[in-house]
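A quick write-up on the structure given underneath.
In this note's numbering, the protein residues as written are -4 to 388.
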């Protein structure tokens, strides 16, 4: 618990205790027929408040009923004022502590792994943002031509809703370059890294659990990482695959007309990897080398046949599935497949594409958003996450 919160809690309880003593004193005085508060107010003012000056205590009996009613009225007003004061103290304390506080942005580490923590109060829920495939950095950008700042924008928007976040560089890349060879990474290694991040975040903030948000391939990784972990609050799967990765890649290759000349070669290589066999790239078309490079084949062999739906089922966590309607990399059908797992909720975001920006379905215009970091995140995207966290916190 924050020190500020503790101070205000103690102060508020003290004020409440004093107010209760006042109320009890008033009530006892009213029961005994005496004025609740002794006063030396001028006679007319005292009488208007139902408090008789000492000189008038010997008033005729026929006025006693009227005086009693005035005392009761004054007592009721005192009680009302006390309640109002209590509410005012609580409101002031809450406003002081929960007003517009600028989030603190700092570097956070988990062993050799590095990330960025955006935090306001340690009691706020915290989301670990796990990137998608390839050399994608903590801000959602890639040296392969993607510049969206999507994860940085997401962290900023979450902070505006009192939700902390940690966005990370994957092992062997960018700030986490010292964490190992990225070419030797496997799903098991990424799962281990996510577990390390959960432990580091809990130690840093005192959190009981961490919300795992995975984007694209990251959705599969957080699903795998959640299995057997009681300190995972819930899962948020954004543009996650519902089919095995091999089927998704196959669909992406076929969907791009420009791949027609190399499609058969690409599909043959993919089938070999799905069967657990390495592919000789000596004479491979150069355009395919980035996908089937020898250094990534072990990772592909380990990943291509994992069933994402089964991974969510085995996680046994409340799960939000968020899918954009103009995503040209992962389909709405993928989201519907994920939604077959138990404890899942599917939410579609109109006109949101794979990089979380609003875009038309037309391919060229859609891809144009992949290099424009000035564009905001799609409307209602962060709202869906906020609602899910609020309803499951």
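Quick reminder that beta carbons are idealized off the backbone N, C-alpha and C, glycines included.
Which same chain residues end up closer than 6 Å to residue 208 when comparing Cβ atoms and leaving out the 5 residues on each side of it in sequence? Numbered from 1 along the chain shown, position 213 holds the residue referred to as residue 208. Once the five neighbours on either side are set aside, the close Cβ partners of residue 208 are 122, 124, 231.
Quick check on the burial criterion: 16 or more other C-beta atoms within 10 angstroms. Buried or exposed for residue 378? For the purposes of this step, residue 378 is taken as residue 383 along the chain shown, with counting starting at 1. It is exposed - the Cβ of residue 378 has fewer than 16 other Cβ atoms within 10 Å.
Rounded to a whole number of angstroms, what is the C-alpha to C-alpha distance between residue 139 and residue 130? What you label residue 139 is simply residue 144 of the chain shown in a count that begins at 1. What you label residue 130 is simply residue 135 of the chain shown in a count that begins at 1. A straight line joining the alpha-carbon of residue 139 with that of residue 130 spans about 8 Å.
For residue 210, which residues does DSSP report across the bridge? On the chain shown, residue 210 is found 215 positions in, with the first residue counted as 1. DSSP, once it has assigned bridges, lists 233 as partnering residue 210.
Express the C-alpha separation of residue 318 and residue 326 in angstroms, rounding to a whole number. The count along the chain shown starts at 1 and reaches residue 326 at position 331. The count along the chain shown starts at 1 and reaches residue 318 at position 323. Our two residues, residue 326 and residue 318, have alpha carbons roughly 8 Å apart in a direct line.
Who are residue 340's beta bridge partners in DSSP? Along the chain shown, read from residue 1 onward, the residue named residue 340 stands at position 345. In the DSSP output, where bridge partners are listed per residue, residue 340 has 315.
Let's see if you can read the secondary structure: which residues bound the alpha helix (DSSP H) around residue 246? Translated into positions along the chain shown, residue 246 becomes position 251. Where residue 246 is concerned, the enclosing alpha helix (DSSP H) stretches over 240 to 250.
Assigned secondary structure, residue 254 (DSSP; H/G/I helix, E/B strand, else coil): Translated into the one-based positions of the chain shown, residue 254 becomes position 259. Looking at residue 254 - three-state DSSP - the assignment turns out to be helix.
How big is the Cα-Cα spacing for residue 117 and residue 192? Looking up residue 117 in the chain shown gives position 122. Looking up residue 192 in the chain shown gives position 197. Answer to the nearest angstrom: the Cα atoms are 16 Å apart.
Three Cβ pairs or more, each shorter than 8 Å: is that satisfied between the stretch 194 to 206 and the stretch 261 to 280? Touching, no.
Opening and closing residue of the beta strand (DSSP E) in which residue 104 lies: Stepping through the chain shown from its first residue, residue 104 is reached at position 109. Per DSSP, residue 104 belongs to the beta strand (DSSP E) from 99 to 105.
Pick from 281, 173, 215: whose alpha carbon is nearest that of residue 107? Taking the chain shown and counting its residues from 1, one reaches residue 107 at position 112. Here the closest residue by C-alpha is 173.
Tell me whether the beta-carbon of residue 323 lies closer than 8 Å to the beta-carbon of residue 349. As a position in the chain shown, residue 323 is number 328, starting the count at 1. As a position in the chain shown, residue 349 is number 354, starting the count at 1. Yes, the pair counts as a contact, with Cβ atoms nearer than the cut-off.
If we count Cβ pairs, one from each stretch, closer than 8 Å, do we get three or more for the stretch 337 to 349 versus the stretch 244 to 258? no
Member of 189, 201, 96, 268 whose CA lies at the smallest distance from the CA of residue 219: Start at 1 with the first residue of the chain shown, and residue 219 comes out as number 224. The option with the nearest alpha carbon to residue 219 is 189.
Suppose contacts are defined by Cβ-Cβ distances below 8 Å. Is residue 312 in contact with residue 237 by that definition? Residue mapping note: residue 312 aligns to position 317 of the chain shown, counting from 1. Residue mapping note: residue 237 aligns to position 242 of the chain shown, counting from 1. No, these two residues do not count as a Cβ contact at 8 Å.
My output table needs one value for residue 384: the three-state DSSP class, helix, strand or coil. Numbered from its first residue, the chain shown carries residue 384 at position 389. DSSP, reduced to helix, strand and coil, places residue 384 within a helical segment of the structure shown.
Give me the DSSP bridge partner(s) of residue 127. Walking along the chain shown from the start, residue 127 turns up at place 132. DSSP lists no partner for residue 127.
According to the neighbour-count rule (16 or more other Cβ atoms, all chains shown, within 10 Å of its Cβ), is residue 240 buried or exposed? Counting from 1 along the chain shown, the entry for residue 240 is found at position 245. With 16 or more Cβ atoms within 10 Å of its Cβ, residue 240 is classed as buried.
Three or more C-beta pairs under 8 Å: does that hold for the stretch 360 to 370 against the stretch 285 to 295? no
Mind checking who residue 114 pairs with in its DSSP beta bridge? The residue labelled residue 114 in the question sits at position 119 within the chain shown. According to DSSP, residue 114 bridges with 99.
Within this structure, are the beta carbons of residue 113 and residue 150 separated by less than 8 Å? For the purposes of this step, residue 113 is taken as the residue at position 118 of the chain shown. For the purposes of this step, residue 150 is taken as the residue at position 155 of the chain shown. Taking 8 Å as the Cβ cut-off, residue 113 and residue 150 qualify as a contacting pair.
Relative to the C-alpha of residue 167, which residue among 141, 156, 133 is closest? Your numbering for residue 167 matches position 172 in the chain shown. Out of 141, 156, 133, 133 has the C-alpha closest to the C-alpha of residue 167.
Cα separation between residue 285 and residue 268? The residue given as residue 285 occupies position 290 in the chain shown. The residue given as residue 268 occupies position 273 in the chain shown. Roughly 15 Å separates the two Cα atoms.
Helix, strand or coil: which one does DSSP assign to residue 376? In the chain shown, the residue the question calls residue 376 occupies position 381. Residue state, collapsed to three classes: helix.
Presumed contact (8 Å Cβ cut-off) between residue 160 and residue 212, rounded CB distance: As a first step, residue 160 must be located in the chain shown, where it is residue number 165. As a first step, residue 212 must be located in the chain shown, where it is residue number 217. In fact, because the Cβ distance is near 19 Å, the residues do not count as touching under 8 Å.
Check this for me: beta carbons of residue 110 and residue 147, under 8 Å apart or not? Within the chain shown, numbered from 1, the residue matching residue 110 stands at position 115. Within the chain shown, numbered from 1, the residue matching residue 147 stands at position 152. No, these two residues do not count as a Cβ contact at 8 Å.
Among 314, 287, 297, 203, the one whose alpha carbon lies nearest that of residue 217: Along the chain shown, read from residue 1 onward, the residue named residue 217 stands at position 222. 314 is the residue among 314, 287, 297, 203 whose C-alpha sits nearest the C-alpha of residue 217.
DSSP state of residue 196 mapped onto helix, strand, coil: As a working note, residue 196 is residue 201 in the chain shown. Reduced to three states, the DSSP call for residue 196 is helix.
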